[in-house]
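S.K.: Sharing a structure, written as structure tokens. Questions coming.
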Amino acid sequence: MDNGLSRKAIGRRRFLRLCGLTAAAGLVPVQAWALVDRAQPSERTIALLNIHTGESLNRVYFADGAYLPEAMSAMNRLLRDHRTGEVKPIDGALIDQLYAVANRLGATEPFHVISGYRSERTNTALKRAGHGVAKRSFHLSGQAVDVRLPGVEYAALHRAARDLRAGGVGDYPRSDFVHMDTGPVRTW
């Protein structure tokens, strides 16, 4: 080539340009907090209530550009498999999605958590009982949560989660909860 660029460099540039277009089209998940406001918040706070254990928290989980280990540990415990007591690290991006939805909706109440992390044993038992759980559920890896938000209409919660385009969003109006996960962007 006359400009001295190799074929490999041109291929890479095309690839990067396509990636940029894909991200701009919303096909690649973005950090959920970025969708709330153009300015990055220096602190993020989340309020959760586990409806099965009665445990709750309302605390800053992100500050000075990092997730706070003590707060994340408390969330891991709150979002544990309440049937077995097993605790698994929860994906910080999932908490960011909840934070973004709460801010969009002006939530004043904590999210009511129906299900966070689920152990393989619990997932298998729920599947056998006919609860329609996915065999490879994102709940198994600490990347999914099923929630409702008191004071917010179900449809508004579902729409806000879906509009983030930051992961999977499941619609369960008869059971009165919205599923959110950090997997590929999809809805059902």
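Mapping of the sequence shown onto our numbering: position 30 corresponds to residue 14, and the numbering continues sequentially without gaps. Quick reminder that beta carbons are idealized off the backbone N, C-alpha and C, glycines included. Computed from a prediction, not measured in an experiment: that's the story for all the values here.
Taking the C-alpha atoms as reference points, what is the distance between Leu5 and Thr37?
M.R.: Residue confidence for Leu5 is low, a pLDDT of 41 falling below 50, so the modelled location carries little weight and cannot support an answer.
S.K.: Where does the unbroken alpha helix (DSSP H) through Ser57 begin, and where does it stop?
M.R.: That run of the alpha helix (DSSP H) goes 53 to 62.
S.K.: So, at 7 Å on beta carbons, what are the nonlocal neighbours of Gln127 in its own chain, with the 5 sequence-adjacent residues on each side left out?
M.R.: Cβ neighbours of Gln127 beyond the five flanking positions: Asp75, Leu78, Asp165, Thr166, Gly167.
S.K.: My parser needs the alpha helix (DSSP H) runs of 4 or more residues fully inside the region 61 to 134; what are they?
M.R.: Listed in chain order, they are 76 to 89, 104 to 112.
S.K.: Where DSSP assigns a beta bridge to Thr171, which residues make up the other side?
M.R.: BP columns for Thr171 point to Val153.
S.K.: Would you mind sorting Gly135 into buried or exposed? The rule is 16 or more other CB atoms within 10 Å of its CB.
M.R.: With fewer than 16 Cβ atoms within 10 Å of its Cβ, Gly135 is classed as exposed.
S.K.: Answer with buried or exposed for Pro157, where buried requires no fewer than 16 other C-beta atoms within 10 angstroms of its C-beta.
M.R.: So Pro157 counts as exposed.
S.K.: Are the beta-carbon atoms belonging to Asp80 and Phe122 less than 9 Å from one another?
M.R.: Not a contact, by the Cβ cut-off of 9 Å.
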